[in-house]
Structure formats: structure tokens, C-alpha cells
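*Asks:*
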Amino acid sequence: MNGLLEAGTAIYVAMAVALSVWIGIFVYLWRIDAQARALKRELQREREQRPLGEGDAPRASVTRVGRSEGEPVEQSSRG
Amino acid sequence: MAVVERLGQIGKLLIGVWIAGVAVAMFLVIPQYEGLGNAGRIVIMHVPTAWVSVLAFAVSALFSGLYLWKRRPEHDHYALAAAESGFLFTALATVTGMIFSQVVWGIYWNWDPRQTSIFVLLLIYAALFALRSAIDDPARRRQLSAVYSLFAFVTVPFLVFVAPRIADSTLHPNCAFIQGSKCDGITLEVGMIGLLGDRKIQLLALERQGDVVTAEVKVSEPGLTSETILRPSYDLAAGEMVARPEFPGLRYQLGLEAVDLRANTALLNIEAPGTGLLENRRTLFTFLASIGGFTALFFWLLTLRATLLDAQWALAQRGGSRV
Chain A
1 MNGLLEAGTA IYVAMAVALS VWIGIFVYLW RIDAQARALK RELQREREQR PLGEGDAPRA
61 SVTRVGRSEG EPVEQSSRG
Chain B
1001 MAVVERLGQI GKLLIGVWIA GVAVAMFLVI PQYEGLGNAG RIVIMHVPTA WVSVLAFAVS
1061 ALFSGLYLWK RRPEHDHYAL AAAESGFLFT ALATVTGMIF SQVVWGIYWN WDPRQTSIFV
1121 LLLIYAALFA LRSAIDDPAR RRQLSAVYSL FAFVTVPFLV FVAPRIADST LHPNCAFIQG
1181 SKCDGITLEV GMIGLLGDRK IQLLALERQG DVVTAEVKVS EPGLTSETIL RPSYDLAAGE
1241 MVARPEFPGL RYQLGLEAVD LRANTALLNI EAPGTGLLEN RRTLFTFLAS IGGFTALFFW
1301 LLTLRATLLD AQWALAQRGG SRV
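Protein chains in written order, with our numbering: chain A, 1 to 79; chain B, 1001 to 1323.
1) Which value, in whole angstroms, describes the spacing of the CA atoms of residue 1178 (chain B) and residue 46 (chain A)?
2) For residue 1016 (chain B), return the contacting residues in chain A, with the cut-off set at a CB-CB distance below 7 Å.
3) Is the shortest distance between the beta-carbon of residue 1091 (chain B) and the beta-carbons of chain A less than 8 Å?
4) Return the residue from the list B:1238, B:1112, B:1307 and B:1163 that minimises the CA-CA distance to residue 37 (chain A).
5) Quick check: the Cα distance between residue 1092 (chain B) and residue 1004 (chain B), rounded to an integer number of angstroms?
6) Taking the C-alpha atoms as reference points, what is the distance between residue 1020 (chain B) and residue 1013 (chain B)?
7) Whole angstroms is fine: what's the gap from residue 1191 (chain B)'s alpha carbon to residue 1230 (chain B)'s?
8) Got a sec? Which residues, its chain only, sit under 7 Å from residue 26 (chain A) by beta carbon, not counting five neighbours each side?
9) Between the stretch 1300-1316 of chain B and the stretch 1066-1085 of chain B, do three or more beta carbon pairs fall short of 8 Å?
10) Assuming residue 1042 (chain B) is part of the alpha helix (DSSP H), what are its boundary residues?
11) Which of the three DSSP states, helix, strand or coil, is assigned to residue 1219 (chain B)?
12) Is residue 1261 (chain B) helix, strand or coil when you go by DSSP?
13) For residue 1027 (chain B) versus residue 14 (chain A), is the C-beta distance shorter than 8 Å?
14) Using C-beta distances below 7 Å, list every residue in its chain close to residue 1063 (chain B), excluding the 5 sequence neighbours before and after it, in chain order.
15) Step through the CB atoms of chain A and report whether any lies within less than 8 Å of the CB of residue 1010 (chain B).
16) Report yes or no: is there a C-beta of chain A within less than 8 Å of the C-beta of residue 1024 (chain B)?
17) For residue 1041 (chain B), collect the residues of the same chain with a Cβ closer than 7 Å to its Cβ; drop the 5 residues on either side in sequence, then sort them by chain order.
18) Closest by CA to residue 1043 (chain B), which one among B:1065, B:1087 and B:1097?
19) Classify residue 1235 (chain B) as helix, strand or coil using the three-state DSSP reduction.
20) Would residue 1019 (chain B) pass as an interface residue toward chain A - the criterion being a Cβ-Cβ separation below 8 Å?
21) Helix, strand or coil for residue 34 (chain A)? Go by DSSP, reduced to three states.
22) For residue 1212 (chain B), does the three-state DSSP call read helix, strand or coil?
23) If the cut-off is 8 Å on Cβ atoms, which residues from the stretch 1300-1312 of chain B count as contacting chain A, listed in chain order?
24) Taking the continuous alpha helix (DSSP H) assigned at residue 1131 (chain B), which residues delimit it?
25) Are residue 1259 (chain B) and residue 1217 (chain B) closer than 8 Å when you measure CB to CB?
26) My output table needs one value for residue 1072 (chain B): the three-state DSSP class, helix, strand or coil.
27) Whose C-alpha, out of B:1159, B:1107, B:1060 and B:1016, is nearest the C-alpha of residue 1289 (chain B)?
28) What residue range does the alpha helix (DSSP H) around residue 1005 (chain B) cover?
29) What does residue 1314 (chain B) touch in chain A if you count any residue whose Cβ is under 7 Å from its own?
30) With a 10 Å radius around its C-beta and 16 neighbouring C-beta atoms as the bar for buried, classify residue 1102 (chain B) as buried or exposed.
31) Return the Cβ separation of residue 1153 (chain B) and residue 1058 (chain B) in integer angstroms, given the expectation that the two are a contact with Cβ distance under 8 Å.
32) Under a CB-based cut-off of 8 Å, is residue 1028 (chain B) close to chain A?
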């Protein structure tokens, strides 16, 4: 163990540790990146394939105010 | 689309190999710095991470501005991703700086102006994340955090570049890269007291023997815990420093840079090891490669995190919940 920390070898040990940490981070990032891209593709495909349902279409509701007495409230809705 | 994705994959692979190469060069290619030994190698990581954090905060402010203009959630996701990356890189710069500080100053944290300003910067961006987590309404959260992010970025140039350089007392080796305001040392008359870094110094006497002038300088530790007499000297004929004793417990040396015997004054300065280290070609190229590698890594992290936030938002929209 002490041999690893001797002046001649310590720098190689430090380099190996730094490289190992970077390789670990890189592999982790690579995997997350692949999963994120797969998730993005899946969401994209789902969005393209999903038929327009009840909840997808925009809705609007208009109420006319200031109507004259007795006139029914006009409402319109889409969707 | 597939070609772009393939190129992106190759780019990411290159980032991995590039930074691994920088790590190897950091330990095996660049030479040791005079006076600092192997500890000085950390500068290859420390400075680029600090620079990339400034870039990240700038990108965050840019996307915050875009969000306020266009009101598109994607811009908010990029702004948040950049701020998070900036925070990460600032933390990395702080930790590597603390390791350097332990080796060179003998202490991890001594509230040096540089350390204090980076700590304030971390607090400012931590407050941004706290702000975001405290607001439930997504639109309001995005709007407020975009405004906050723009104001936060205004402080970045001041905290990173200005504050440490206008401070009267810093041990941070600015002179390694920029001939800044505090690289000039201090001129003292015999008997006078001054501050050099965070050390109180007093010029006790100037003695001439032939062409060599020796200054007797009393150096007090921060908090006046102990005092030491150091004797730097200067060769009048050659116009150069001779003896440069080290500060107690530090790798920094006390240099006598000029003497005026008629006025009985001396110009004393901290001779920081690492000053001018980029003059070495191998160090300079490794340093530039490190900046390039970390910048590319930042953009990878930015797009990755923004993609995840987009996906999270899309899933929340589908599920009808608020994110």
C-alpha cells in the first residue's frame, strides 16, 4: 500500500484515480443520454400516433355581455 | 436526423477521449511548477471549470431572456439546465481551489476574497433553485426564475473577475494568468507596516553589504498568531532578487523587488510559484485543451438536462399534473 504513495509512483496512482473517476462519469452520462434520447423518441412517436381525443382539441367559450333584457345568453363551444 | 444524431454520438465519444487525454497530460506531459511541485497541476482543471461556469451562467441568462420574450417552456428548460451546470462547474472550481489552497496556504478555507466571492456566487444560484422549488405554478415559476436569473448574471462578472482583483488582500495567484492590480507588491519605508496577501509585514531595516541589500522584514500570521523575521535580498548591480525566503507554512516566497536607499524604502512582493506558468508551451496547450474539453462537456450536459426536462414536462402534460 505504501508503495503506491511513493514519490515515483504516486503521480501514476493519482492519474489512474482521475481517469477512473472520469471514465465512471462518462459511462454514467452516456447511459443517461441514451435513455433520454429513447424517452424523447418514444414521446415523439406517441404524440404522432395518438388520435385526437376528447381532451386534445382546443376549447373556447364565449359569453356575450351587455345583452338586452330578456335576450338569451349566447354561448358557443368547440371541441 | 439520423446523421445529426450519429454526429452527436461521435462528438460525445470525442469529449470522453479528449478529457481523458487532458487528464493524462495533466499528470504526465506538463512539467512541475517551480515551488509548487505536483500540486500546481490542479490549475489545468481549476481555471477551465471556473471559466466554463461563467459561460454556463451567461447561457442561462440568455435563455431566461428568450423565455421572457417568447414564453416557450423549452427556453426555460435550457435556462435551468445551464444554471445547474454552472453551479456544478462552480462547485468543481471551488473544490479544486480548496485543494490547492490546502497545499499552498496550509488551509482549505480562509475567507480569501476569491473564496468569499465564489461562495457568494454559489449562494446566489442556490437561491435560484430554492426559488424554483418554492413555486407550484409552472408559468409563474418560469417567469420569476427567468427574471431572477437575469439579475443573478449581473453579479457574475463582478464576483468572478472584479471583486477578487480590487480586494486589498488576496493570496489567489491572479498573476499566473493576468498581470492584475495586486501583483505589484507594496513599497514600505523602514519602520512602516503593510499588508501583503493576508500577512501583515513590517520593514524593520535595510542593510547593504557590497552590492547586496538585505531587508529585515517581520511577517505576522493572520490573526497575529505568530511572527517571523524574513530576510529577502536584492543585488543592486545585477538588478535582481537574490534571497527569497518562504513565508512560514506556505510555498509563497517574500521577494525584495526594488530598493531605494536614499528614501529608505523597499518594494516587497509575494513571489507566487505558478506566476507565468502558461509561458510553458506544453502547459499552455494542455490548459487550452482542458478549456475546450470542459466547454464541450458543458454543452453536452446542457442538452442532456434540457432533454430530460422537456420529457418531464411532456409526461406531466400527458398526465395532467404540474411539474
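Where is the CB? At the ideal position from N, CA and C, for every residue including glycine.
*Replies:* On the basis of the coordinates in this document:
1) For residue 1178 (chain B), the pLDDT reaches just 41, beneath the cut-off of 50, and the residue's location in the model is therefore unreliable, leaving the point undetermined.
2) Close to residue 1016 (chain B), with beta-carbon spacing below 7 Å, are these residues of chain A in chain order: 26.
3) Residue-level contact check: residue 1091 (chain B) does not touch chain A, since none of the beta carbons of chain A fall below 8 Å from its beta carbon.
4) Residue B:1307 is the option with its Cα nearest to residue 37 (chain A).
5) Distance between the alpha carbons of residue 1092 (chain B) and residue 1004 (chain B) is about 31 Å.
6) Each residue's Cα considered, the two are about 11 Å apart.
7) So the two alpha carbons sit approximately 15 Å from each other.
8) Excluding the 5 residues flanking it on each side, residue 26 (chain A) has no same chain C-beta neighbour closer than 7 Å.
9) Yes, they touch.
10) No alpha helix (DSSP H) holds residue 1042 (chain B); DSSP gives it neither H nor E.
11) Residue state, collapsed to three classes: strand.
12) If DSSP states are grouped into helix, strand and coil, residue 1261 (chain B) belongs with coil.
13) Their beta carbons are under 8 Å apart, which means residue 1027 (chain B) touches residue 14 (chain A) by this criterion.
14) So the list reads 1075, 1078, 1079 and 1082, once near-sequence residues are dropped.
15) Not flagged as an interface residue toward chain A: residue 1010 (chain B), since no C-beta distance is shorter than 8 Å.
16) Nearest CB-CB separation between residue 1024 (chain B) and chain A: below the 8 Å threshold.
17) Cβ within range, chain order: 1026, 1027 and 1030.
18) Looking at the Cα atoms, B:1097 is the closest of the given residues.
19) Reduced to three states, the DSSP call for residue 1235 (chain B) is strand.
20) Yes, contact with chain A.
21) Three-state result, residue 34 (chain A): helix.
22) It is a strand residue.
23) Taking a C-beta cut-off of 8 Å against chain A, the contacting residues of the stretch 1300-1312 of chain B are 1300, 1301, 1304, 1307, 1308, 1310 and 1311, listed in chain order.
24) Bounds of the alpha helix (DSSP H) holding residue 1131 (chain B) are 1113-1134.
25) Contact flag unset, no.
26) Note: residue 1072 (chain B) maps to coil in three-state DSSP.
27) Between residue 1289 (chain B) and the set B:1159, B:1107, B:1060 and B:1016, the nearest pair of CA atoms involves B:1016.
28) Its alpha helix (DSSP H) spans residues 1002-1028.
29) The answer, in chain order, is 43.
30) Label assigned to residue 1102 (chain B): exposed.
31) The C-beta distance from residue 1153 (chain B) to residue 1058 (chain B) rounds to 7 Å, short enough to fall under 8 Å.
32) Chain A, which has a Cβ nearer than 8 Å to the Cβ of residue 1028 (chain B), makes this yes.
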